[in-house]
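Visitor:
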Amino acid sequence: MTAEFRRLRRAFALGVVTGLVYFTGTLYWITGVMAIYGGLQTWVAVIINAAMIACLSLHTGACAAIVYRVVRAHGPMALMAAPFVWVTTEWTRTNVPHIGFPWVLLGYSQVSVLPIAQFASLLGVYGLSFVVAAVGAALAVVVVGPNTTRRFVPAGAMAAVVLCLTVWGQARLSRSALTQQGDEIRVGIVQGNVDQAIKWDTAHASSIFAEHLRQTRQVLAAGAQFVLWPESSMPFFFEEDRLDADRLRAVAREAHVPILFGSDQAVWRVANNRRVIDRLYNAAFLMQPDGSTGAVYRKMHLVPFGEYVPLKRFLFFAAPLVEAVSDFSPGETVALLPVGSHRVSTGICYEIVYSDLVRRFVVAGSELLTTITNDAWFGATSAPYQHFEQAAMRAIEEGRYLVRSANTGISGIVDPYGRVLEQTAIYQPAVVVGTVRFLNGSTFYARHGDAIAYLAIAATLALLLTARRRVQ
Numbered sequence: 001m002t003a004e005f006r007r008l009r010r011a012f013a014l015g016v017v018t019g020l021v022y023f024t025g026t027l028y029w030i031t032g033v034m035a036i037y038g039g040l041q042t043w044v045a046v047i048i049n050a051a052m053i054a055c056l057s058l059h060t061g062a063c064a065a066i067v068y069r070v071v072r073a074h075g076p077m078a079l080m081a082a083p084f085v086w087v088t089t090e091w092t093r094t095n096v097p098h099i100g101f102p103w104v105l106l107g108y109s110q111v112s113v114l115p116i117a118q119f120a121s122l123l124g125v126y127g128l129s130f131v132v133a134a135v136g137a138a139l140a141v142v143v144v145g146p147n148t149t150r151r152f153v154p155a156g157a158m159a160a161v162v163l164c165l166t167v168w169g170q171a172r173l174s175r176s177a178l179t180q181q182g183d184e185i186r187v188g189i190v191q192g193n194v195d196q197a198i199k200w201d202t203a204h205a206s207s208i209f210a211e212h213l214r215q216t217r218q219v220l221a222a223g224a225q226f227v228l229w230p231e232s233s234m235p236f237f238f239e240e241d242r243l244d245a246d247r248l249r250a251v252a253r254e255a256h257v258p259i260l261f262g263s264d265q266a267v268w269r270v271a272n273n274r275r276v277i278d279r280l281y282n283a284a285f286l287m288q289p290d291g292s293t294g295a296v297y298r299k300m301h302l303v304p305f306g307e308y309v310p311l312k313r314f315l316f317f318a319a320p321l322v323e324a325v326s327d328f329s330p331g332e333t334v335a336l337l338p339v340g341s342h343r344v345s346t347g348i349c350y351e352i353v354y355s356d357l358v359r360r361f362v363v364a365g366s367e368l369l370t371t372i373t374n375d376a377w378f379g380a381t382s383a384p385y386q387h388f389e390q391a392a393m394r395a396i397e398e399g400r401y402l403v404r405s406a407n408t409g410i411s412g413i414v415d416p417y418g419r420v421l422e423q424t425a426i427y428q429p430a431v432v433v434g435t436v437r438f439l440n441g442s443t444f445y446a447r448h449g450d451a452i453a454y455l456a457i458a459a460t461l462a463l464l465l466t467a468r469r470r471v472q
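Everything in the sequence shown is counted per this note's numbering, starting at 1 for the first residue and increasing by one.
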């Protein structure tokens with residue numbers, strides 16, 4: 001084993017350790033989800049979550065190893081290549097087939113720093129990740145760079161960049177042009193606060209449904225023209241239970257408003273003279289003011305260990321989890337929902353953290369972003385807050401209002417600049433009524449997507465190629 005290989009391995013190991021700290025601190029709550037709702041013993045849940053965190057940490061390990069290689073070839077100033085490598089590894093973490101998990105990307109740290117967060121309207125969350133990583137790299141150059149004034153150049157440049165972004169972002173917020181455009185509509189959000197332990201208990205189905213109807217009438221009385229229920233809010237299959245479905249249709253007809261709600265959807269087949277479920281979808285239904293079904297969207301990005309178990313052939317020791325998790329099928333098409341003469345999109349649960357999916361909705365013609373979710377799985381942890389803030393980033397990226405209905409919170413309304421207009425507390429019943437606008441314009445990000453990520457990938461490959469030649 002050469003000395004160079006040992007140093008490279010050490011860099012990788014340090015990157016993995018960084019990832020272990022980063023992801024353990026942000027994804028600790030997954031252990032509780034698997035133990036409480038997956039039927040696993042706590043120690044088994046800890047092992048599975050640790051394995052998931054370890055896999056995610058491979059990306060930070062790869063980032064550290066690549067940056068080491070580049071710095072080894074080009075000197076300490078080449079630390080400024082780190083933002084390109086970091087964004088590349090965030091993109092790969094997002095797009096690994098079947099197990100991609102783009103939770104808590106670095107750029108989300110800026111979502112509440114609104115002047116800086118406006119940069120997402122240009123280059124998305126990856127652009128913000130790039131800026132944050134670049135600031136960190138510039139500070140690192142000050143510490144380990146050449147013992148000359150040159151080491152302060154990157155820090156000075158990044159200070160100027162941050163200042164420019166702040167001034168531009170604050171000016172964008174001050175203008176708030178998008179809040180003066182488009183047609184207004186009053187939206188009503190229902191937060192039923194149904195305990196996950198009783199959500200699918202048939203003994204409670206009637207009372208759960210009745211409470212959602214009561215809250216619906218409450219927001220209608222407050223002037224709502226479009227009502228949102230959470231993900232899987234129906235305690236039954238909407239298309240199979242005609243009696244209760246007709247009760248909801250009657251409310252829609254009486255108030256003459258569209259209602260968006262979540263329900264599982266089954267596709268049936270006949271086997272051995274019996275009707276059995278062929279495919280199961282987590283779906284969102286848009287009920288029209290006349291009570292008809294206007295459109296159905298089937299969730300495309302399923303939650304690992306929640307709606308399917310990745311690599312379940314190898315998880316023989318987690319049989320209770322495999323058996324407890326419903327085996328949903330992913331939807332295949334982007335479906336828009338008609339609300340009057342306008343078109344609306346919805347992301348179900350953690351789909352909202354996939355920026356490219358939400359962008360596809362907008363490119364297809366969505367004028368209003370909605371998301372419906374059931375965060376009861378998370379418990380009283382940081383996860384509901386992480387989820388809400390990541391959803392808010394989509395509003396900035398796309399230049400759209402975002403309306404969120406969550407079973408146990410956080411529900412709320414976010415304007416196109418990331419300002420939270422309404423926000424509920426977690427784990428309590430709540431209703432929200434607020435005004436949003438249908439918007440037709442497009443941001444630079446909506447038009448060009450993750451261009452910064454593709455640039456970062458190309459730059460990383462080029463840096464690796466030149467580093468290989470110089471080290472040799």
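Even glycine gets a Cβ: it sits at the ideal position worked out from N, Cα and C.
1. Do you know whose CA, among Pro384, Val433, Ala425, lies nearest Val403's CA?
2. Near Glu389, what residues of its chain come up, given a Cβ to Cβ distance below 8 Å and the 5 sequence neighbours on each side ignored?
3. Which one or two residues does DSSP pair with His342 in a beta bridge?
4. Locate the alpha helix (DSSP H) running through Phe388, then write down its first and last residues.
5. For Tyr427 and Thr408, which I take to be in contact (beta-carbon distance under 8 Å), what is that distance rounded to the nearest angstrom?
6. When you compare only the Cα positions, how much space is there between Ile208 and Thr293?
7. Rounded to the nearest angstrom, what separates Thr18 and Ala62 at their Cα positions?
8. Residue ranges of each beta strand (DSSP E) run of no fewer than 3 residues wholly in the region 266 to 305, ordered along the chain?
9. Considering only C-alpha positions, which residue in the set Asn147, Ser57, Met34, His59 is nearest to Ile47?
10. Looking at the strands, I want to know which residues DSSP matches up with Leu368.
11. Looking at the unbroken alpha helix (DSSP H) that takes in Ala224, where does it start and where does it end?
12. At what residues does the beta strand (DSSP E) containing Ala3 begin and finish?
13. Looking at the structure shown, is Arg419 part of a helix, part of a strand, or coil, going by DSSP?
14. Curious, which full-length alpha helix (DSSP H) runs of at least 4 residues does the region 83 to 165 contain?
15. Quick one: what's got a C-beta closer than 6 Å to Val141's C-beta in the same chain, skipping five residues either side?
16. Measure the C-alpha to C-alpha separation of Ile259 and Trp377 and round it to an integer number of angstroms.
17. Please work out which residues of its chain come closer than 6 Å, Cβ to Cβ, to Asn49, disregarding the five sequence neighbours upstream and downstream, and give them in chain order.
18. Could you check the C-alpha separation between Leu357 and Leu337 for me, to the nearest Å?
19. Run through DSSP, which three-state label would Ile410 get?
20. Is Pro115 closer than 9 Å to Trp168 when the C-beta atoms are compared?
21. Relative to the alpha-carbon of Thr202, which residue among Phe236, Phe285, Ala406 has its alpha-carbon at the smallest distance?
22. My guess is that Glu231 and Ile352 are in contact by the Cβ rule of under 8 Å, so how many angstroms apart are they, rounded?
23. Tell me whether Asp201 sits in a helix, a strand or coil according to DSSP, three-state version.
24. When burial is assigned at 16 or more other CB atoms within 10 Å of the CB, is Pro102 buried or exposed?
25. Along the chain, where does the beta strand (DSSP E) that runs through Ala430 open and close?
26. Please classify Gly223 as buried or exposed, where buried requires at least 16 other C-beta atoms within 10 Å of its C-beta.
27. Which term fits Val16, buried or exposed, when burial requires 16 or more other beta carbons within 10 angstroms of its beta carbon?
28. Mapping DSSP to helix, strand and coil, what is Arg247?
29. Does DSSP put Phe261 in a helix, in a strand, or in coil?
30. Rank Asp290, Val267, Cys349, Val436 by C-alpha distance to the C-alpha of Val303 and give the top, closest one.
31. Which class does Ile452 belong to by DSSP, given the choice of helix, strand or coil?
32. For Trp268, count neighbouring C-beta atoms within 10 Å of its own C-beta (all shown protein chains included) and say buried if the count is 16 or more, exposed if not.
33. May I ask you to verify whether the region 326 to 334 touches the region 88 to 102, counting CB pairs closer than 8 Å and requiring at least 3?
Guide: In this structure, then:
1. If you number the sequence shown from 1, residue 403 lands on position 403. Nearest C-alpha to Val403 among Pro384, Val433, Ala425: Val433.
2. Here residue 389 corresponds to residue number 389 of the sequence shown, with the count starting at 1. Tyr108, Val111, Ser112.
3. Taking the sequence shown and counting its residues from 1, one reaches residue 342 at position 342. According to DSSP, His342 shares a beta bridge with Val339.
4. For the purposes of this step, residue 388 is taken as residue 388 along the sequence shown, with counting starting at 1. Phe388 -> alpha helix (DSSP H) spans 383 to 398.
5. As a working note, residue 427 is residue 427 in the sequence shown. As a working note, residue 408 is residue 408 in the sequence shown. Contact annotation, Tyr427 with Thr408: C-beta distance approximately 5 Å; criterion of less than 8 Å satisfied.
6. Reading the sequence shown from its first residue, position 208 is the one you call residue 208. Reading the sequence shown from its first residue, position 293 is the one you call residue 293. One C-alpha to the other measures close to 22 Å.
7. Along the sequence shown, one-based indexing puts residue 18 at 18. Along the sequence shown, one-based indexing puts residue 62 at 62. The straight-line gap from Cα to Cα measures roughly 11 Å.
8. Complete beta strand (DSSP E) runs here, min 3: 274 to 287, 293 to 298.
9. Along the sequence shown, one-based indexing puts residue 47 at 47. Nearest C-alpha to Ile47 among Asn147, Ser57, Met34, His59: Met34.
10. Mapped onto the sequence shown, residue 368 falls at position 368. Beta-bridge pairing links Leu368 to Val344.
11. For the purposes of this step, residue 224 is taken as the residue at position 224 of the sequence shown. Element bounds for Ala224: n/a, residue is neither H nor E.
12. By one-based count along the sequence shown, residue 3 stands at place 3. Premise fails: Ala3 lies in the alpha helix (DSSP H), 3 to 27, not in any beta strand (DSSP E).
13. As a working note, residue 419 is residue 419 in the sequence shown. Under the three-state reduction of DSSP output, Arg419 falls in the coil class, being neither helix nor strand.
14. Runs found: 114 to 117, 120 to 144.
15. To locate residue 141, count along the sequence shown from 1; it is residue 141. Closer than 6 Å at Cβ, skipping near neighbours: Leu79, Arg151, Pro154.
16. Taking the first residue of the sequence shown as 1, we reach residue 259 at position 259. Taking the first residue of the sequence shown as 1, we reach residue 377 at position 377. Taking the straight line joining both Cα atoms gives about 24 Å.
17. Within the sequence shown, residue 49 is the residue found at index 49, counting from 1. Annotation for Asn49: Ile30, Thr31 place their beta carbon closer than 6 Å to its own, counting only its chain and skipping 5 residues before and after.
18. Counted from its first residue, the sequence shown places residue 357 at position 357. Counted from its first residue, the sequence shown places residue 337 at position 337. Cα-Cα distance, rounded: 15 Å.
19. Here the question's residue 410 lines up with position 410 in the sequence shown. Look at Ile410 here: in three-state DSSP terms it is coil, with no helix or strand label.
20. Translated into the one-based positions of the sequence shown, residue 168 becomes position 168. Translated into the one-based positions of the sequence shown, residue 115 becomes position 115. Yes, they are a contact pair.
21. Within the sequence shown, numbered from 1, the residue matching residue 202 stands at position 202. Ranking Phe236, Phe285, Ala406 by Cα distance to Thr202 puts Phe236 first.
22. Position 231 of the sequence shown, counting from 1, holds the residue named residue 231. Position 352 of the sequence shown, counting from 1, holds the residue named residue 352. With 8 Å as the limit, Glu231 and Ile352 do not qualify as a contact, their Cβ atoms being about 11 Å apart.
23. On the sequence shown, position 201 is the one that residue 201 refers to. Asp201: coil per DSSP, three-state reduction.
24. The residue labelled residue 102 in the question sits at position 102 within the sequence shown. Residue environment for Pro102: buried (at least 16 other C-beta atoms within 10 angstroms of its C-beta).
25. Taking the first residue of the sequence shown as 1, we reach residue 430 at position 430. Element bounds for Ala430: 430 to 437.
26. Translated into the one-based positions of the sequence shown, residue 223 becomes position 223. Per the 10 Å Cβ criterion, exposed.
27. Position 16 of the sequence shown, counted from the start, is the residue given in the question as residue 16. Burial check for Val16: the Cβ neighbour count within 10 Å reaches 16 or more, so the residue is buried.
28. For the purposes of this step, residue 247 is identified with residue 247 of the sequence shown, where counting begins at 1. In the three-state DSSP reduction, Arg247 falls in the helix class (H, G or I).
29. Numbered from its first residue, the sequence shown carries residue 261 at position 261. Here Phe261 sits in strand by DSSP.
30. Residue 303 sits at position 303 when you count from the first residue of the sequence shown. Val303 has its Cα closest to that of Cys349, out of Asp290, Val267, Cys349, Val436.
31. Translated into the one-based positions of the sequence shown, residue 452 becomes position 452. Ile452 falls in the helix class under three-state DSSP.
32. Counting from one through the sequence shown, the residue named residue 268 turns up at place 268. Exposed, since its Cβ has fewer than 16 Cβ neighbours within 10 Å.
33. Note that the region 326 to 334 does not touch the region 88 to 102; fewer than 3 beta-carbon pairs, one per stretch, sit closer than 8 Å.
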